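Here's the structure, in structure tokens; my notes come after.
Residue numbers (the numbering used here), protein chains in the order written: chain A, 13 to 386; chain B, 1265 to 1406.
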């Protein structure tokens, strides 16, 4: 792209239980901090993209937020792909800036399922609800069971993913769950929906995160201190529900990553760390395979040898991910990618210069990929 | 829309599907344009977008594609039934559906196992459930 986009600032709220806070208030706190982090004034913002809160969907949410912020954005609104929305909105912001539609875009996400309603995550699935078919976790369990059937090392891989995320979360003072996980605790934890155990499942969290997107040129003009270049992005959507998806253990995460790698002129071997959407452990296993980081067997060997730790070959979810930092759907992973590129992570990867971030939504219906650099 | 006769067509494909179940017949949609067979019920073929389809009766023979066991009941109607299974089965004719397996053995991987249709009255309707048959285990690649 001619005028390469950068992430100029990041902001977040506390993660966990935040009673009495509306999603508008949470979004505003994250945006206030992101704008302060970028070192810019509110009046340069001419774009506002927001993910609609999962736990309470409402019409015209983008305009409700803009009104609360006293903004009349040239470009803005809601984009809905579930958890994949965040990276997709950063991509849309970059493309809108490139096309001259706007110059400085806030991309933000807030949700409060912990103090508000969890109905979105526990809902019955239409006509099939009469068979007891309900909840997001059950959809992922259906996929995970198939993965277990296909690959004998699945339990080892899932366990090591959970342990790596929890290890990094324990080192992050802002993480909601700072308790490291050991193999015995993982194996003895209760089933939620078998074959997924408690520690295979992400947290339920209130909170918000926001980023400021602008062109490299604009960042120089505004004197932004630590802009992090967006090197590539992509998306791919499996779209069909599990009843119509021909292969349950493959998604269009491959298309998403290939698009992002092609745009960046890079490949999996060029990545110094990975922030992979870990709503459930199976999601990470499938995403890493789709991204070309190795076969299931190779990933399991890597995991057993500490490859997912921040001093390993493929540092994974270095702020704790959805399993440990916050269950908020996705933008926190972009924030951690930015911190890694700035050298500010609590589990900093030595000399990290490139980071890949994944977001996905639904029961693996949607996927988006972001590659950050220095 | 024709075939499978008996049940009066409902206002929507979902209603037609449900009415056939109430009459103890498991049906699926067949595209008259491209030959695709599918479920869950909908108004257009998800492969070629045609709205010209028939209802066909399923043989009731199927293969388990995947299954899970709920240890937590998110649906209050299932609260006193945990642990209970939900399965995804591939009908021999192609379409896949959500169901339950009756008399599920413990600690056995049933992916690829052959199952047969059994109707059970539950949840104030006729539910198409499946029971493992003695037939040889499938490849699991269905």
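For each residue, glycine too, the CB sits at the ideal point set by N, CA and C.
Bear in mind that the values here come from a model prediction, so they are computed numbers and not experimental data.
Quick one: which unbroken beta strand (DSSP E) runs of 3-plus residues sit fully inside the region 249 to 315 of chain A? Chain order, please. 285 to 287
For residue 358(A), three-class secondary structure by DSSP: coil
Of all the CB atoms in chain A, is at least one closer than 8 Å to the CB of residue 1205(B)? Since the displayed chain B opens at 1265 and closes at 1406, residue 1205(B) lies outside it and no answer follows.
Through-space distance from residue 223(A) to residue 20(A), alpha-carbon basis: 7 Å
Residue 1387(B) (DSSP reduced to helix, strand or coil): coil
Extent of the continuous alpha helix (DSSP H) to which residue 133(A) belongs: 131 to 134
Assuming residue 1334(B) is part of the beta strand (DSSP E), what are its boundary residues? 1325 to 1334
Work out the CA separation of residue 227(A) and residue 155(A) for me, nearest whole Å. 40 Å
Given this structure, state the Cα-to-Cα distance separating residue 1331(B) from residue 1320(B), to the nearest angstrom. 25 Å
Would residue 1334(B) count as contacting chain A if we go by Cβ distances under 8 Å? yes
Ordered along the chain, which non-local residues of its own chain (more than five positions away) have a Cβ less than 7 Å from that of residue 338(A)? 27, 188, 215, 217, 219, 344
Enumerate in chain order the residues of its own chain whose CB-to-CB distance from residue 296(A) is below 6 Å, with the five nearest sequence positions on each side excluded. 173, 288, 290
Mapping the DSSP letters down to three states, classify residue 1405(B) as helix, strand or coil. In this predicted model, residue 1405(B) has a pLDDT of only 41, less than 50, meaning its place in the structure is not dependable enough to derive any value.
Using the three-state DSSP reduction, which class does residue 1(A) fall into: helix, strand or coil? Summary: the structure shown does not reach residue 1(A), with chain A confined to residues 13 through 386, and so no result is reported for it.
Of the choices 69(A), 198(A), 99(A), whose alpha-carbon is the least far from that of residue 372(A)? 99(A)
What's the call for residue 353(A), buried or exposed, on a 16-neighbour Cβ count within 10 Å? buried
Just how far apart, CA to CA, sit residue 17(A) and residue 179(A)? 32 Å
Interface positions of the region 152 to 183 of chain A facing chain B (Cβ-Cβ less than 7 Å), listed along the chain: 153, 154, 157, 158, 161
What first and last residue would you give for the beta strand (DSSP E) that runs through residue 1478(B)? Only positions 1265 to 1406 of chain B appear in the structure, and residue 1478(B) is not among them; the question remains open.
Partner residues on chain B for residue 341(A), Cβ-Cβ distance less than 9 Å: Those do not exist, as residue 341(A) stays about 19 Å from chain B at its closest Cβ, beyond 9 Å.
Would you mind telling me which residues of chain B sit closer than 7 Å to residue 335(A), beta carbon to beta carbon, in chain order? What residue 335(A) touches in chain B: nothing, since even the nearest Cβ is about 18 Å away.
Limits of the alpha helix (DSSP H) - the one that residue 386(A) falls within: Per DSSP, residue 386(A) belongs to no alpha helix (DSSP H) and is neither H nor E.
Taking all protein chains shown into account, decide if residue 85(A) is buried (16 or more other Cβ within 10 angstroms of its Cβ) or exposed. buried
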